[in-house]
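Here is the structure we will look at, set down as structure tokens.
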Amino acid sequence: MTPDTLAHIIRDHARDGESVSVAIQVEPETWIDYRADERLRSASLIKVPIMMTILDAVRRGAIAPDQQVPTPEPAGGSGVLQNLQQRPYSAHDLLTLMIVVSDNMATNALIDFVGMPAVNEWSKRLGLVDTTLSRHMMDGKAVATGHENFTSARDMAMVLGAVSTGRVPGSDDAMRILLGQQSTGGLPEYLPDGWLLAHKTGELDGLRHDAGIVTTDLQHSATVVVMCDGFRGTDGPARASSIIRAIGRGVYEHLAAGSGLADGRA
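This is the structure we're talking about:
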């Protein structure tokens, strides 16, 4: 995967007015990106910093993994909790649901439990500059008044890179939860047999994101973040998903060939 190859994939699928942000890092320091600092709507990628904030609190002893967390009103969108009896669930169970099925009700429960400022403070401590949690999931009123959740491909790559290398508390737990991701239509599409992908997706109208840590059968690893926003129209989501799949395939092919990436910016 070279910067030219990356740019070619994006040119083939994206149209004027559509935003694509990409960050790819292969061990140890090889980096390729395309508008990686562009701040876009995070959709469910914001759930990764929420998860890490909770896991950090667990490691510090401020929260017990089996601590019961009240659930709020059903949020709509993805998830299963809104179809179950409303009752408290453990922080660990809510974390798992928030990531593996992107449960919005579980996410809102955890936001209320830990507080938005704690999530933003965790992000700031890690050095994230484009990531902000400003509203609950599926909160149309908040969006209408200008409150939105944001991140960038570079920020998400920083988070996942820190998780991959164990540089943040709770990394092992985060990897295990991310490996359980149930959405398989993006980066996992061309994942070779025997390889692992710990990832989180994001989806809104006109938006498709996928961010993950890929580990080969030889234990080499790479962080891949692809964010696509503004992909409207009947074919918009399909074109965004095609970008994600094509970039994933390109990274996997180069990892399999042992050639790595050509460091640079597309």
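Numbered as in the working numbering, the sequence shown ends at 480 without a single skipped number. Even for Gly, the Cβ is constructed at its ideal location relative to N, Cα and C. As the structure is a computational prediction, the values presented were derived from the model and not from experiment.
{"query": "Test item: CB-CB of Thr321 and Lys414 under 8 Å", "result": "no"}
{"query": "With 16 other Cβ atoms within 10 Å as the buried cut-off, status of Gly329", "result": "exposed"}
{"query": "Local conformation of Leu405 per DSSP, three classes", "result": "coil"}
{"query": "Any 3 or more C-beta pairs closer than 8 Å across the region 225-240 and the region 457-468", "result": "yes"}
{"query": "Through-space distance from Tyr466 to Thr430, alpha-carbon basis", "result": "9 Å"}
{"query": "His306, enclosing alpha helix (DSSP H) - first and last residue", "result": "305-314"}
{"query": "Rounded C-alpha distance that separates Gly275 from Leu311", "result": "22 Å"}
{"query": "For His346: DSSP bridge partner residues", "result": "For the sequence presented, residue 346 should be read as Thr rather than His. Note: Thr346 sits in a beta bridge opposite Phe364."}
{"query": "Opposing strand residues paired with Ala425 [DSSP bridges]", "result": "Lys414, Val439"}
{"query": "Proximity below 8 Å, CB of Ile461 to CB of Leu259", "result": "no"}
{"query": "Extent of the continuous beta strand (DSSP E) to which Val333 belongs", "result": "Careful: Val333 lies outside any beta strand (DSSP E), inside the alpha helix (DSSP H) at 330-340."}
{"query": "Short Cβ contact (8 Å threshold) for Arg255 with Leu418", "result": "yes"}
{"query": "Euclidean distance between Cα positions of Met372 and Ser348", "result": "20 Å"}
{"query": "Residues near Leu410 in its chain [Cβ-Cβ closer than 6 Å; skip 5 each side]", "result": "Thr429"}
{"query": "Between the CA atoms of Gly384 and Asp270 - distance to the nearest angstrom", "result": "6 Å"}
{"query": "Euclidean distance between Cα positions of Val314 and Thr216", "result": "31 Å"}
{"query": "Residue of Glu252, Asp247, Ser316, Ser435 minimising C-alpha distance to Ser292", "result": "Ser316"}
{"query": "C-beta contact flag for Leu340 and Ile268 at 8 Å", "result": "no"}
{"query": "Whole-number beta carbon distance between Asp424 and Gly450, since they are thought to touch under 8 Å", "result": "At roughly 16 Å, the Cβ-Cβ gap does not stay under 8 Å, so Gly450 and Asp424 are not in contact."}
{"query": "Assigned exposure category for Leu432 - 16 Cβ within 10 Å defines buried", "result": "exposed"}
{"query": "Own chain residues within Cβ distance below 7 Å of Ser378, not counting five before or after", "result": "Ile427, Ser435, Thr437"}
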